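Asks: Below is a structure I'd like to ask you about.
Protein chains: 2
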Amino acid sequence: MGQGDGMEIVCIGAGNLATRLCVALQQCGHRVVQVFSRTEECAAALAAQLGCEPVCRLEDVTPEAPLYILSVRDQVLEEVAHGLYASLLRRVAPGRSNVGAGALFVHTAGSMPLDVLPMLRRGVFYPMQTFSKQREVPFAGLPVFIESPTDAAVLRTLAESMGCGVYEMDSASRRYLHLAAVFACNFSNHMYDVCARVLARKGIPFEVMLPLIDETARKVHALTPREAQTGPAVRYDQTVMQRHLDLLEDEDLKQIYNLLSQHIHQYTL
Amino acid sequence: MGQGDGMEIVCIGAGNLATRLCVALQQCGHRVVQVFSRTEECAAALAAQLGCEPVCRLEDVTPEAPLYILSVRDQVLEEVAHGLYASLLRRVAPGRSNVGAGALFVHTAGSMPLDVLPMLRRGVFYPMQTFSKQREVPFAGLPVFIESPTDAAVLRTLAESMGCGVYEMDSASRRYLHLAAVFACNFSNHMYDVCARVLARKGIPFEVMLPLIDETARKVHALTPREAQTGPAVRYDQTVMQRHLDLLEDEDLKQIYNLLSQHIHQYTL
Chain A
1 MGQGDGMEIV CIGAGNLATR LCVALQQCGH RVVQVFSRTE ECAAALAAQL
51 GCEPVCRLED VTPEAPLYIL SVRDQVLEEV AHGLYASLLR RVAPGRSNVG
101 AGALFVHTAG SMPLDVLPML RRGVFYPMQT FSKQREVPFA GLPVFIESPT
151 DAAVLRTLAE SMGCGVYEMD SASRRYLHLA AVFACNFSNH MYDVCARVLA
201 RKGIPFEVML PLIDETARKV HALTPREAQT GPAVRYDQTV MQRHLDLLED
251 EDLKQIYNLL SQHIHQYTL
Chain B
1001 MGQGDGMEIV CIGAGNLATR LCVALQQCGH RVVQVFSRTE ECAAALAAQL
1051 GCEPVCRLED VTPEAPLYIL SVRDQVLEEV AHGLYASLLR RVAPGRSNVG
1101 AGALFVHTAG SMPLDVLPML RRGVFYPMQT FSKQREVPFA GLPVFIESPT
1151 DAAVLRTLAE SMGCGVYEMD SASRRYLHLA AVFACNFSNH MYDVCARVLA
1201 RKGIPFEVML PLIDETARKV HALTPREAQT GPAVRYDQTV MQRHLDLLED
1251 EDLKQIYNLL SQHIHQYTL
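These protein sequences, in sequence, are chains A and B. Under this note's numbering, the first sequence has 173 at position 173, and the numbering climbs by one with no breaks. Quick note, this note's numbering runs 1000 ahead of the 1-based positions in the second sequence.
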């Protein structure tokens, strides 16, 4: 799928993932023709960035697109998918329903099964990355996990057109992938946040930690996380650990410190 | 301090930090003249790498060096420092004691105070990094935290000769720095380790997480960790969080998942 044969896509959603995915799709020769968000400003902001039409009512979503990407919060995904499908079906003449047979619907939620989508042609397109609206990240080299009983080839071609690595994975396995990502990304980022708070108490700039944070991430390209581990917990240096606990004022943080230290020690036994 | 005026250094210890620091010092024009470790093989391995003399008894440490770097486990630092000092003093003629007045002794332990060293000229030289013996890391650009009532200028020159950023910090503040580093490095690395275990249960290779891990680290160069946070905990998406908990079999991990999710949510309130 080159510049010439890019797909026409409707994006349902205008959050972090929707934003970064749509921008990357357009950069790779595809065309986002509409952006839907119930929040008018969100639809307008992303549509303006993409140069397409914003819509904030499902009734205004075009029934003519070959591909609909649903990238909304997990809690509302099923409801939005059903609402969209019903709305599109109402507006196509019986017997010539692009929606019923011709169009493909995919969601991007790692933790949601394929079958939250009620459509005939459906799939999952889950890029393994952390996205923020304001921060451009390359899709080239990114692993994308796809699932589609009917259209795996289409999704593979789409992902490859963006330079992504493609993995087929079913909904049951993808749940583990999403859980693993929470640890690797959200929880490790929270460790940075706690670090920043501890430093702030002494007026030390967070920047002094960046070489350490970078090397910690780089290390696991070459070593397993187990092999890469250092510090008082892996040595089970109780004197140092007790001194650290004494410095923490927040009881929850003390508990987190203790639990993680014990867990590190368990993993190395 | 250029190539021509490198320092002659005795290294007490042969662990991860000692190894990486000595190698870097020699690359920057200094000369490690002896390596001490109680474990003969450790002393021999590092000394061979540096092309210097290994010693495994404190009585064999030369009293003639201008700089002694003590890089041993926190638990034994005070004992080794006192043993070394006593041994050196016994071997120098009264009145011409290089040891008593001429030599400088520094330790490299972030969590240990300056005054575990009994010497007159003493200091701390704490590079903010995670070190493994087998993995070379650049010292250029690394923040080094120094403390010395008598010799801050010497330590600053030494750190600058290696291209490090130099910060003066007293023992009381350095404890917070070390605690912060445990969160930023050891605990975030443990999150990678848990991630690897979750993936292994489904036969998914850890490599698929590397772009996510890298971007999570890169993000906090531009955003605060708070701004960078994404995922179910920061949205407080209880449906997703419950599904994740259901996948975890290890009770300790369930507790860690719950505590960290609640803590992320607290921080964003």
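Where a beta carbon is used, it is the ideal one built from N, C-alpha and C, also for glycine. These numbers come from a predicted model, not from an experiment.
Counting contacts by CB-CB distance shorter than 7 Å, is Gln-26/A in contact with chain B?
Replies: Residue 26/A sits at position 26 when you count from the first residue of the first sequence. False, the Cβ-Cβ gap to chain B never drops below 7 Å.
Asks: Whole alpha helix (DSSP H) runs in the stretch 222–260 of chain A with 4 or more residues, listed along the chain?
Replies: Within the stretch 222–260 of chain A, the runs of alpha helix (DSSP H) that reach at least 4 residues and sit entirely inside it are, in chain order, 225–228, 232–235, 238–247.
Asks: Is Glu-1136/B helix, strand or coil by DSSP?
Replies: Within the second sequence, numbered from 1, the residue matching residue 1136/B stands at position 136. Note: Glu-1136/B maps to coil in three-state DSSP.
Asks: Below 8 Å between beta carbons is the criterion; list the residues of the stretch 172–190 of chain A that meet it against any residue of chain B, in chain order.
Replies: Ser-173, Arg-175, Tyr-176, Leu-177, His-178, Leu-179, Ala-180, Ala-181, Val-182, Phe-183, Ala-184, Cys-185, Asn-186, Phe-187, Ser-188, Asn-189, His-190
Asks: Hey, is the stretch 158–177 of chain A in contact with the stretch 14–33 of chain A, meaning 3+ C-beta pairs nearer than 8 Å?
Replies: yes
Asks: Contact criterion: CB-CB distance below 7 Å. Does Cys-1042/B meet it with respect to chain A?
Replies: Taking the first residue of the second sequence as position 1, residue 1042/B is located at position 42. False, the Cβ-Cβ gap to chain A never drops below 7 Å.
Asks: Is there a Cβ of chain E sitting closer than 7 Å to that of Pro-1211/B, yes or no?
Replies: The structure shown contains no chain E; its protein chains are A and B.
Asks: Just to check my reading of the structure: Ile-69/A and Val-106/A have Cβ atoms closer than 8 Å, yes? What is that Cβ distance to the nearest angstrom?
Replies: Here residue 69/A refers to the residue found at position 69 when the first sequence is read from its first residue. Here residue 106/A refers to the residue found at position 106 when the first sequence is read from its first residue. Contact check for Ile-69/A and Val-106/A: beta-carbon distance about 6 Å, within the 8 Å limit, so the pair qualifies.
Asks: Which residue's Cα is closest to the Cα of Ile-264/A: Val-1055/B, Asn-1186/B, Ser-1173/B, Leu-1077/B?
Replies: Taking the first sequence and counting its residues from 1, the one referred to as residue 264/A is at position 264. Checked all of Val-1055/B, Asn-1186/B, Ser-1173/B, Leu-1077/B; the closest Cα to Ile-264/A is Asn-1186/B.
Asks: Would a check of beta-carbon distances place Asp-1246/B closer than 7 Å to chain A?
Replies: Translated into the one-based positions of the second sequence, residue 1246/B becomes position 246. No, Asp-1246/B does not count as interfacial toward chain A.
Asks: Taking C-alpha atoms, which residue in Ser-1261/B, Val-1035/B, Val-1072/B lies nearest to Tyr-1126/B?
Replies: Taking the first residue of the second sequence as 1, we reach residue 1126/B at position 126. Comparing Cα positions, the closest option is Val-1072/B.
Asks: Taking only beta-carbon atoms, is Asp-170/A less than 7 Å away from chain B?
Replies: Here residue 170/A refers to the residue found at position 170 when the first sequence is read from its first residue. Not one chain B Cβ lies under 7 Å of Asp-170/A.
Asks: Answer yes or no: does any C-beta atom of chain B fall closer than 7 Å to that of Met-1/A?
Replies: Indexing the first sequence from 1 puts residue 1/A at position 1. Confidence is the limiting factor: at Met-1/A the pLDDT is only 41, short of 50, which leaves the residue's position unreliable, though a coordinate-based value still follows. It does not: the Cβ of Met-1/A has no partner Cβ on chain B nearer than 7 Å.
Asks: In chain order, what residues of the same chain lie with their CB nearer than 7 Å to the CB of Glu-1168/B, ignoring the 5 residues before and after it?
Replies: Working through the second sequence from its first residue, we reach residue 1168/B at position 168. Cβ within range, chain order: Ile-1146, Glu-1147, Ala-1152.
Asks: Quick one: residues in its chain with C-beta nearer than 6 Å to the C-beta of Val-1080/B, no 5 flanking neighbours on either side, listed in chain order?
Replies: One-based indexing of the second sequence puts residue 1080/B at position 80. Excluding positions up to five away in sequence, the list reads Val-1072.
Asks: Exposed or buried, Glu-1215/B, counting other C-beta atoms within 10 Å across all chains shown (16 or more means buried)?
Replies: The sequence position of residue 1215/B within the second sequence is 215, counting from 1. Buried, because 16 or more other Cβ atoms sit within 10 Å of the Cβ of Glu-1215/B.
Asks: Can you tell me where the beta strand (DSSP E) with Gly-1163/B in it begins and where it stops?
Replies: Mapped onto the second sequence, residue 1163/B falls at position 163. No beta strand (DSSP E) holds Gly-1163/B; DSSP gives it neither H nor E.
Asks: In chain B, which residues lie less than 9 Å from Asp-115/A when you measure between Cβ atoms?
Replies: For the purposes of this step, residue 115/A is identified with residue 115 of the first sequence, where counting begins at 1. Chain B residues near Asp-115/A: none, gap ~15 Å exceeds 9 Å.
Asks: Can you list, in chain order, the residues of its chain with a C-beta nearer than 8 Å to that of Cys-1195/B? Leave out the 5 residues immediately preceding and following it.
Replies: The residue given as residue 1195/B occupies position 195 in the second sequence. The beta carbon of Cys-1195/B is closer than 8 Å to those of Phe-1206, Met-1209 in its chain, skipping five residues each way along the sequence.
Asks: Pick out whichever of Tyr-1236/B, Leu-1260/B, His-1178/B has its Cα sitting closest to the Cα of Met-1112/B.
Replies: Here residue 1112/B refers to the residue found at position 112 of the second sequence. Checked all of Tyr-1236/B, Leu-1260/B, His-1178/B; the closest Cα to Met-1112/B is His-1178/B.
Asks: Below 8 Å on C-beta distance, what does Leu-259/A contact in chain B?
Replies: The residue you call residue 259/A lines up with position 259 of the first sequence. Under the 8 Å cutoff, chain B gives Asp-1252, Gln-1255, Ile-1256, Leu-1259.
Asks: Straight-line CA distance for Asp-1005/B to Ile-1213/B?
Replies: Residue numbering aside, residue 1005/B sits at position 5 when the second sequence is read from its first letter. Residue numbering aside, residue 1213/B sits at position 213 when the second sequence is read from its first letter. Going by the C-alpha atoms only, they are around 42 Å apart.
Asks: Throw me the rounded Cβ distance for the Arg-1201/B and Tyr-176/A pair, which I believe falls under 8 Å.
Replies: Numbered from 1 along the second sequence, position 201 holds the residue referred to as residue 1201/B. Numbered from 1 along the first sequence, position 176 holds the residue referred to as residue 176/A. At roughly 6 Å, the Cβ-Cβ gap stays under 8 Å, so Arg-1201/B and Tyr-176/A are in contact.
Asks: What do you reckon, are the CB atoms on Pro-1063/B and Tyr-192/A nearer than 7 Å?
Replies: The residue you call residue 1063/B lines up with position 63 of the second sequence. The residue you call residue 192/A lines up with position 192 of the first sequence. For Pro-1063/B and Tyr-192/A, no; Cβs fall outside 7 Å.
Asks: Please report how far the alpha carbon of Asp-252/A lies from the alpha carbon of Gln-1255/B, in whole angstroms.
Replies: Residue 252/A sits at position 252 when you count from the first residue of the first sequence. Residue 1255/B sits at position 255 when you count from the first residue of the second sequence. Approximately 12 Å, taken between the alpha carbons.
Asks: Rounded to whole angstroms, how far is the Cβ of Gly-1056/B from the Cβ of Ser-1037/B, which I believe are closer than 8 Å?
Replies: Here residue 1056/B corresponds to residue number 56 of the second sequence, with the count starting at 1. Here residue 1037/B corresponds to residue number 37 of the second sequence, with the count starting at 1. Sequence check: residue 1056/B is Cys here, not Gly. About 6 Å separates the two Cβ atoms, so the contact holds.
Asks: Could you give the DSSP three-state label for Cys-1011/B: helix, strand or coil?
Replies: Stepping through the second sequence from its first residue, residue 1011/B is reached at position 11. Strand, per DSSP.
Asks: Of all the residues that make up the stretch 125–137 of chain A, which are near chain B by a beta-carbon distance shorter than 9 Å?
Replies: So the list reads Met-128, Gln-129, Thr-130, Phe-131, Ser-132, Gln-134, Arg-135, Val-137, given in the order they occur along the chain.
Asks: If I'm right that Ser-1188/B touches Asn-1016/B with Cβ under 8 Å, what's the distance once you round it to whole angstroms?
Replies: Reading the second sequence from its first residue, position 188 is the one you call residue 1188/B. Reading the second sequence from its first residue, position 16 is the one you call residue 1016/B. Taking the Cβ atoms as the reference, Ser-1188/B lies roughly 18 Å from Asn-1016/B, outside the contact range of under 8 Å.
Asks: Report buried or exposed for Ala-48/A, applying the criterion of at least 16 other Cβ atoms within 10 angstroms of its Cβ.
Replies: Residue numbering aside, residue 48/A sits at position 48 when the first sequence is read from its first letter. Result: exposed.
Asks: Could you please give me the residues that DSSP links to Ile-1146/B through a beta bridge?
Replies: Counted from its first residue, the second sequence places residue 1146/B at position 146. Looking at the DSSP assignment, Ile-1146/B forms a beta bridge with Phe-1125/B, Glu-1168/B.
Asks: I think Tyr-85/A touches Pro-118/A, with their Cβ atoms under 8 Å apart; what is that distance to the nearest whole Å?
Replies: Taking the first sequence and counting its residues from 1, the one referred to as residue 85/A is at position 85. Taking the first sequence and counting its residues from 1, the one referred to as residue 118/A is at position 118. With 8 Å as the limit, Tyr-85/A and Pro-118/A qualify as a contact, their Cβ atoms being about 5 Å apart.
Asks: Is Met-120/A helix, strand or coil by DSSP?
Replies: Walking along the first sequence from the start, residue 120/A turns up at place 120. According to the sequence shown, residue 120/A is Leu rather than Met. DSSP places Leu-120/A in coil when its eight states are reduced to three.
Asks: Is the Cβ of Pro-1205/B closer than 7 Å to any Cβ of chain A?
Replies: On the second sequence, residue 1205/B is found 205 positions in, with the first residue counted as 1. No, no contact with chain A.
Asks: In this structure, does DSSP put Cys-1052/B in helix, strand or coil?
Replies: Taking the first residue of the second sequence as position 1, residue 1052/B is located at position 52. Cys-1052/B falls in the coil class under three-state DSSP.
Asks: Which term fits Gly-141/A, buried or exposed, when burial requires 16 or more other beta carbons within 10 angstroms of its beta carbon?
Replies: For this step, residue 141/A is matched to residue 141 along the first sequence. Exposed, by the Cβ-count rule.
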